[in-house]
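Going by this note's numbering, the sequence shown opens with residue 91, and the numbers climb by one from there.
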Amino acid sequence: VMIMGRHGSKHDINPSDVNYRANLWTLRQLGATHVLVTTACGSLKLELSPGDFAVVDQYIDRTCLRKRTFYKVSHIPQVRPFEPKVQQILEESCAELGLKCHPKVTTVTIEGPRFSTLAESRLYKSWGADIVNMTTVPEAQLAAELGLIYGALALVTDYDCWHESDDESVSVDLVMNR
């Protein structure tokens, strides 16, 4: 088992500046065959409450500044970017621990480090997305290029900004304190 903090030991690397390629390449060189990641996320659905967990099944890529490949030309299938067996294990593990877990969610990965605008949050909801985060892409596709089995467990920290009755707008302090 290897653990790597993608944002650095002091959480001082913003999502756009994380060297996802170096992180995954290093894990592979050290012999990793599976990559299990955690991600903080904002919920786009009322039933995905702060404190809940979610097993990511699909992503929508809204990033634009990140290096997305190890190669000049590489056509990697992404119909199932997250390994179904890993998803099942995550769901079963949450159940065994008595944690509320939502299976097969779709995340919108945004560039960051800023949070979504109200208009963006409403747009992502209209697309049928369940959560929004800042780190799943390009990690999932880079892992696929290296032949690494990839799974993601999201911790819901807030309701993003669409939840108009929420007294607490999404903020760094809110996310870090949950």
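Even glycine gets a Cβ: it sits at the ideal position worked out from N, Cα and C.
Assignment of beta-bridge partners to F205 by DSSP yields no partner. The beta carbon of E235 sits closer than 8 Å to those of T159, F160, Y161, S164, I166, all from its chain and outside the five residues before and after it, given in chain order. By the C-beta density criterion, V91 is exposed, having fewer than 16 other C-beta atoms within 10 angstroms. In this structure, the alpha-carbon of D151 lies about 5 Å from that of T199. L126 is bridged by DSSP to G241. Ranked by Cα distance from Q231, the first of L189, M94, T153, N104 is T153. Taking the C-beta atoms as reference points, D250 is found nearer than 8 Å to S133.
Residue environment for Q119: exposed (fewer than 16 other C-beta atoms within 10 angstroms of its C-beta). For I103, there is no enclosing beta strand (DSSP E), as DSSP marks it with neither H nor E. In this structure, the beta-carbon distance from N223 to T129 falls below 8 Å. Counting along the chain, R156 sits inside no beta strand (DSSP E), nor does DSSP assign it H or E at all. Exposed is the label assigned to P174, since fewer than 16 other Cβ atoms lie within 10 Å of its Cβ.
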